[in-house]
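Notes follow the structure.
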Amino acid sequence: MVVFLERRDRYRRSPRRGKYPRSGPRKKKQFIKKSRELVILDVLLHGHPEEDKPSWTKNPLAQVLTFPDFVLYEVKINKNFKKAPKPEEKNIYEEFINQQKLREVIKKIDYDELTNTSKALIQPVLEKEILNYEEEFINFFNNSTSITPRMHALKLLPGIGKKHMWEIIEARQKQKFNTFEDISERTSISDPVKHIALRIIKELQREGVKYYLFSKTQKYE
1 MVVFLERRDR
11 YRRSPRRGKY
21 PRSGPRKKKQ
31 FIKKSRELVI
41 LDVLLHGHPE
51 EDKPSWTKNP
61 LAQVLTFPDF
71 VLYEVKINKN
81 FKKAPKPEEK
91 NIYEEFINQQ
101 KLREVIKKID
111 YDELTNTSKA
121 LIQPVLEKEI
131 LNYEEEFINF
141 FNNSTSITPR
151 MHALKLLPGI
161 GKKHMWEIIE
171 ARQKQKFNTF
181 EDISERTSIS
191 DPVKHIALRI
201 IKELQREGVK
211 YYLFSKTQKY
221 E
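In this text, residue positions in the sequence shown follow the working numbering: the first is 1, and each later residue adds one.
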């Protein structure tokens with residue numbers, strides 16, 4: 001299981017792109033890492049509506065979110081619609097394949113490529129799944145450090161400013177946090193799970209993000 005932010009080098013900065021487009025071989029085929037859990041966000045039995053192809057050539061697909069690396073993918077689904085997965089259905093990727101509900105990965109996607117259904121589901125799905133990785137996220141609140149002399153990792157959480165940052169640091173110096181409820185009781189952060197979910201969504205949106213605290217979407221390019 002991933003342990004978040006054990007060292008400062010856990011923070012990944014987006015690589016600078018060159019002035020000219022890179023030439024060479026096409027990108028390698030995308031795949032979901034072994035034994036990753038995933039949640040179905042949306043099922044498109046007739047392919048993506050914005051895909052510029054004749055309808056009869058489109059593949060039925062699902063938009064999914066993997067855990068604990070928090071990456072979005074589009075995955076082919078079985079053309080036997082009776083076995084199609086349903087939104088919010090959760091399982092290990094290999095089990096979806098064994099059940100003949102999912103097939104191979106089409107591509108890794110960013111937040112802007114999600115359907116409206118997927119966008120509506122992603123925050124509640126994240127908030128639910130973050131609870132299953134509570135220990136790892138508590139480790140972040142207990143051990144996160146400065147990324148630069150002027151930027152602490154805690155301030156990258158939406159809604160966490162300088163005042164809240166120092167409140168968390170002072171509380172953890174007295175005693176390490178044990179649960180999300182512990183954070184809520186000892187600081188004015190009433191819903192730490194929501195702050196984490198919003199940060200993951202921002203990282204999946206990619207635009208303007210320099211440091212990735214939780215999502216591996218940039219790493220898996």
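Backbone N, C-alpha and C define an ideal beta-carbon position, used for all residues, glycine too.
State buried or exposed for residue i, treating a residue as buried only when at least 16 other CB atoms are found within 10 Å of its CB.
i: V209; result: buried
i: H46; result: exposed
i: S215; result: buried
i: K101; result: buried
i: Q63; result: buried
i: S144; result: buried
i: K202; result: buried
i: P124; result: exposed
Out of curiosity, what's the CA-to-CA distance linking residue i and residue j?
i: K219; j: D110; result: 13 Å
i: D69; j: E89; result: 18 Å
i: V43; j: N78; result: 11 Å
i: T115; j: Q175; result: 43 Å
i: E74; j: N59; result: 11 Å
i: S190; j: L156; result: 17 Å
i: W166; j: D182; result: 16 Å
i: E104; j: E51; result: 18 Å
i: N139; j: S118; result: 29 Å
Since residue i contacts residue j with CB under 8 Å, what's their CB separation in whole angstroms?
i: F141; j: F177; result: 5 Å
i: H195; j: P158; result: 6 Å
i: L41; j: I32; result: Rounded, the Cβ-Cβ distance is 14 Å, inconsistent with contact.
i: K108; j: L72; result: 7 Å
i: K83; j: Q99; result: 7 Å
i: L154; j: I200; result: So it is not a contact: roughly 15 Å between Cβ atoms.
Based on DSSP bridge pairs, tell me the residues matched to residue i.
i: F67; result: E37
i: S146; result: H152
i: N132; result: Beta-bridge pairing links N132 to no other residue.
i: Y73; result: V64, K108
i: Q102; result: The question names Gln, but residue 102 in the sequence shown is Leu. Paired residues: I77.
i: V43; result: A62
i: N91; result: L38
Can you check whether the C-beta of residue i is within less than 8 Å of a C-beta belonging to chain D?
i: K53; result: Absent here is chain D; the protein component of the structure consists of one chain.
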